[in-house]
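Student: Once you've had a glance at the structure underneath, I'll fire off some questions.
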């Protein structure tokens, strides 16, 4: 089994893609926890996004994946948590750069705007790309809000 622990969450708009991604991640030997939602019935993404982001923020999971219709709402939600750097990823290159340059720890996906094959490639790239550090580390260190 892959050592990385992955948290995954969606709202109703991302439910079916989330289910496909869970199967994909298990086939790739990742340790996966589904934070919901449990069906395609309409829900509010913050109700599921906050618990997942909290678990990643606390270090219970190495990385997270969040999905809603556009990816924006759930991305805004999870980014409210300390230490979370969630990136909206709609293609492979954005996903690679989110990890390599921004040390993103949650990949937000626009479930209504990408297909299954694109989602698999985006997620695989996100999970296998390392942070480059260097000049990017200095910038990442400036992200947390400080009172100026």
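In our numbering, the protein residues as written are 572 to 719.
Don't be surprised by glycine CBs; every beta carbon is placed ideally from N, CA and C.
#1: DSSP three-state call for residue 603: helix, strand or coil?
#2: Are the beta-carbon atoms belonging to residue 612 and residue 583 less than 8 Å from one another?
#3: Where residue 665 and residue 624 are concerned, what is the direct C-alpha to C-alpha distance, given to the nearest angstrom?
#4: Closer than 8 Å is the cut-off here; do at least three beta carbon pairs connect the stretch 682 to 691 with the stretch 652 to 659?
#5: Alpha carbon to alpha carbon, what distance is there between residue 628 and residue 597?
#6: Please state whether DSSP places residue 611 in a helix, a strand or coil.
#7: Under 8 Å, do residue 581 and residue 591 count as touching if we go by C-beta distance?
#8: In chain order, which continuous runs of the alpha helix (DSSP H) of length 4 or greater are located wholly inside the stretch 578 to 664?
#9: Strictly by DSSP, which residues pair up with residue 693?
#10: Please state whether DSSP places residue 680 in a helix, a strand or coil.
#11: On the criterion of 16 or more Cβ atoms from any shown chain inside 10 Å, does residue 705 qualify as buried, or is it exposed?
#12: What is the DSSP secondary structure of residue 713, reduced to helix, strand or coil?
Tutor: On the basis of the supplied data:
#1: Three-state DSSP puts residue 603 in a strand.
#2: Yes.
#3: Going by the C-alpha atoms only, they are around 21 Å apart.
#4: Output reads no: the stretch 652 to 659 does not touch the stretch 682 to 691.
#5: Going from the Cα of residue 597 to the Cα of residue 628 covers about 23 Å.
#6: Residue state, collapsed to three classes: coil.
#7: Taking 8 Å as the Cβ cut-off, residue 581 and residue 591 do not qualify as a contacting pair.
#8: Entirely contained in the stretch 578 to 664, the alpha helix (DSSP H) runs reaching 4 residues are, in chain order, 586 to 598, 616 to 628, 643 to 649.
#9: Per DSSP, residue 693 has no beta bridge partner at all.
#10: Strand at residue 680.
#11: So residue 705 counts as exposed.
#12: Coil.
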